[in-house]
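Undergrad:
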Amino acid sequence: EGLTEKLTDPHWKPDFGPAEFNEKVAGSGATAVGARDFLVAFNVNLNTTSTRRANSIAFDVRERGRAKREGNPVTGKIVKDENGKPVMIPGSLKAVKAIGWYIEEYGVAQISMNLTNISITPVHVAFDEVCKKADARGIRVTGSELVGLIPLEAMLEAGRYFLRKQKRSTGVDRDELLKIAIKSMGLNDLKPFNPKERIIEFLLEEPGKKLVDMSLTAFANETASESPAPGGGSISAYVGTLGVSLGTMVANLSAHKRGWDDQWELFSDWAEKGQQFKDELLRLVDEDTRAFNKIMDAFGLPKKTAEDKKIRQETIQEASKYAMDIPFKVMETAYNSITVMRAMAENGNPNSASDAGVGALCALTAVEGAYLNVKINAMSITDKKFTEEMLQRAEDLAQKARACRDMIIATVEQKISGL
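Heads up: the sequence shown begins at -1 in my numbering, then just goes up one per residue.
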């Protein structure tokens, strides 16, 4: 209703699409799609049964705060503004709604919160602030409860936050960060917290067996079997994973080395970078095998008619380009990961210099191995402009990786020879 007028009002201008009224719009009307930031329903458990005290803490932290009163802050007359509305004393947390209540099922009071924008007030900040306000009132927080789902990054950032408070390296793996977050916020206090059931990304994961979930022995046996995949591309990605894992290990050892306390954050940052490279290379282990399987699927398409043959050939070419692109990404990621090993060879724990060197050698192997896969996949691609550009970029990367390897090994040799 009133769509003609609304489309001329800048306030109603669509975020996407034209703001014009025509016959098509007149016949179809308008469809409005709205979205909000992810809301996290988060409850904090208290060692009290008092709803009144829980409410006091909730009012301390929630953005709306509490009504200002004359005299006694609890029983005094509410102060009102010129419009007759209560004057509010804001709480300490933005984008937070909260109330205190008693949960019969658990026999404890809780602060029940809706975190309406976790980029403004993350879950770990809300938890710590409730702890602070509760402690000021002589009440202890015993744990917390997540209602519904939460994004993975919110939990990972919580893990990093609590590690930083300890001045410990945040460059640890995903499962360790989740364990720290769950333990620190007491998410197991009332019932077991299963990340696989409560974290959105885990619920959205595609089912199926992953190479990276195999044991070392099973992965080696699968590679040694007569199956053509996993092949050189996946192995290159995994060798790169092992290389940057060594560099990350040196960073973590350096962050916690006795006498190097003033440098923990520097090495923690390097360890975090290493973990990011490691996770991407692990993803590429399976992605390279999927790329190979796409080519096999394309070759299996029907070729009875001229149209069948056309579609089949186009699909083969598309799959071949993808199979060339994935090992190139392995090259890029492995090359970029060398920065971690170089920093650790130069400035890391000298007792682990050889580990940084081995990491660099693995990274170069990953680059060179992936390069071979880029080359072999280029052979079946008819788009020569595409292959020539990709091969030139790959050659440039390989040359730079070799130079980095030489510098790192020279540094390591110098350190382990006592010079």
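Quick reminder that beta carbons are idealized off the backbone N, C-alpha and C, glycines included.
All figures in this text were calculated on a predicted structure; none of them were measured in a lab.
May I have a chain-ordered list of the alpha helix (DSSP H) segments no shorter than 4 residues that lie completely inside the segment 375 to 412?
TA: If we require 4 residues or more, the segment 375 to 412 turns out to have no alpha helix (DSSP H) run fully inside it.
Undergrad: Pop quiz: Phe297 and Ile314 are said to be a contact at Cβ under 8 Å. What is the actual Cβ separation, rounded to whole angstroms?
TA: With a Cβ gap of about 6 Å, Phe297 and Ile314 count as contacting.
Undergrad: Taking the C-alpha atoms as reference points, what is the distance between Arg60 and Ser90?
TA: Looking at the two C-alpha atoms, the distance is approximately 7 Å.
Undergrad: Less than 8 Å between the beta carbons of Ala354 and Trp268, yes or no?
TA: Contact: no.
Undergrad: Specify the secondary structure class of Asn347 as computed by DSSP and reduced to three states.
TA: In this structure, Asn347 counts as coil in the three-state DSSP scheme.
Undergrad: Arg64 bridges to which residues according to DSSP?
TA: Answer is Ile87.
Undergrad: Could you round the C-beta distance between Ser238 and Ser335 to whole angstroms and report it? I think they count as a contact, below 8 Å.
TA: Looking at the sequence shown, residue 238 is not Ser but Gly. Rounded, the Cβ-Cβ distance is 7 Å, consistent with contact.
Undergrad: From Gly245 to Lys373, what distance separates their C-alpha atoms?
TA: Cα-Cα distance, rounded: 28 Å.
Undergrad: Where does Gly98 sit, in a helix, a strand or coil, going by DSSP?
TA: Gly98: strand per DSSP, three-state reduction.
Undergrad: Going by DSSP, what residue range makes up the alpha helix (DSSP H) through Glu220?
TA: 214 to 222 is the span of the alpha helix (DSSP H), which, as asked, contains Glu220.
Undergrad: Under three-state DSSP, which class holds Lys301?
TA: If DSSP states are grouped into helix, strand and coil, Lys301 belongs with coil.
Undergrad: Given that a residue counts as buried once 16 or more other Cβ atoms are within 10 Å of its Cβ, and exposed if not, what is Met377?
TA: It is exposed - the Cβ of Met377 has fewer than 16 other Cβ atoms within 10 Å.
Undergrad: Determine the burial state of Leu43: buried for a count of at least 16 other Cβ atoms within 10 Å of its Cβ, exposed for fewer.
TA: First, the residue type needs correcting, since residue 43 is Asn and not Leu in the sequence shown. Label assigned to Asn43: buried.
Undergrad: For the beta strand (DSSP E) containing Asn112, name the first residue and the last one.
TA: 106 to 113 is the span of the beta strand (DSSP E), which, as asked, contains Asn112.
Undergrad: Which of the three DSSP states is assigned to Ser420 in this structure?
TA: Residue 420 is absent from the model: the chain starts at -1 and stops at 417.
Undergrad: Once DSSP output is grouped into helix, strand and coil, what is the label at Leu144?
TA: Of the three classes helix, strand and coil, the one that applies to Leu144 here is strand, per DSSP.
Undergrad: Considering Val121, what are the terminal residues of the alpha helix (DSSP H) in which it resides?
TA: Segment 121 to 134, the alpha helix (DSSP H) holding Val121.
Undergrad: Need the endpoints of the beta strand (DSSP E) that Ala39 sits in, please.
TA: Its beta strand (DSSP E) spans residues 38 to 44.
Undergrad: Going by DSSP, name the residue or residues bridged to Ile197.
TA: In the DSSP output, where bridge partners are listed per residue, Ile197 has Ile148.
Undergrad: Taking the Cβ atom as the reference point for each residue, do Val422 and Ala396 lie within a distance shorter than 8 Å?
TA: With the chain covering only -1 through 417, there is no way to say anything about residue 422.
Undergrad: What are the partner residues of Lys189, as DSSP defines its beta bridges?
TA: Answer by DSSP bridge pairing: none, since Lys189 is not bridged.
Undergrad: Run through DSSP, which three-state label would Phe76 get?
TA: Inspection of the sequence shows that residue 76 is occupied by Ile rather than by Phe. Three-state DSSP puts Ile76 in a strand.
Undergrad: Quick one: using the 10 Å Cβ neighbour count with 16 as the cut-off for buried, is His122 buried or exposed?
TA: Under this definition His122 is a buried residue.
Undergrad: Three Cβ pairs or more, each shorter than 8 Å: is that satisfied between the segment 226 to 233 and the segment 274 to 286?
TA: These segments touch.
Undergrad: What distance in whole Å lies between the Cβ atoms of Ser167 and Ala253, which are believed to be in contact at a cut-off of 8 Å?
TA: That belief holds up - the Cβ atoms of Ala253 and Ser167 are roughly 4 Å apart, short of 8 Å.
Undergrad: So Ala368 packs on Val328, CB below 8 Å; how close in whole Å?
TA: With 8 Å as the limit, Ala368 and Val328 qualify as a contact, their Cβ atoms being about 4 Å apart.
Undergrad: Measuring straight from C-alpha to C-alpha, what distance separates Lys165 and Trp262?
TA: Cα to Cα, Lys165 sits roughly 7 Å from Trp262.
Undergrad: Less than 8 Å separating the beta-carbons of Ala93 and Thr114?
TA: Yes, the Cβ-Cβ distance between Ala93 and Thr114 is below 8 Å.
Undergrad: Count the C-beta pairs between the segment 38 to 55 and the segment 128 to 135 that are closer than 8 Å, then say yes if the count reaches three, no if not.
TA: Yes, since at least three Cβ pairs between the segment 38 to 55 and the segment 128 to 135 fall closer than 8 Å, the two stretches touch.
Undergrad: Which residues in the same chain as Met247 place their Cβ atom closer than 8 Å to its Cβ, once the five residues preceding and following it in sequence are excluded?
TA: So the list reads Ser350, Asp353, once near-sequence residues are dropped.
Undergrad: For the alpha helix (DSSP H) containing Val170, name the first residue and the last one.
TA: Note, Val170: premise wrong, no alpha helix (DSSP H); not H, not E.
Undergrad: What does the alpha-carbon distance come out to for the pair Ala408 and Ala358?
TA: Taking the straight line joining both Cα atoms gives about 11 Å.
Undergrad: Please report the distance separating the alpha-carbon of Pro193 from that of Leu176.
TA: Approximately 8 Å between the Cα atoms of the pair.
Undergrad: Just the Cα atoms here: how many angstroms apart are Leu1 and Gly15?
TA: Using only the alpha carbons, I get a separation of about 15 Å.
Undergrad: When you compare the CB positions of Thr140 and Asp187, do they come within less than 8 Å of one another, or not?
TA: It is a contact, given that the beta carbons lie within the stated cut-off.
Undergrad: Going by DSSP in three states, Val31 sits in which element: helix, strand or coil?
TA: Residue state, collapsed to three classes: coil.
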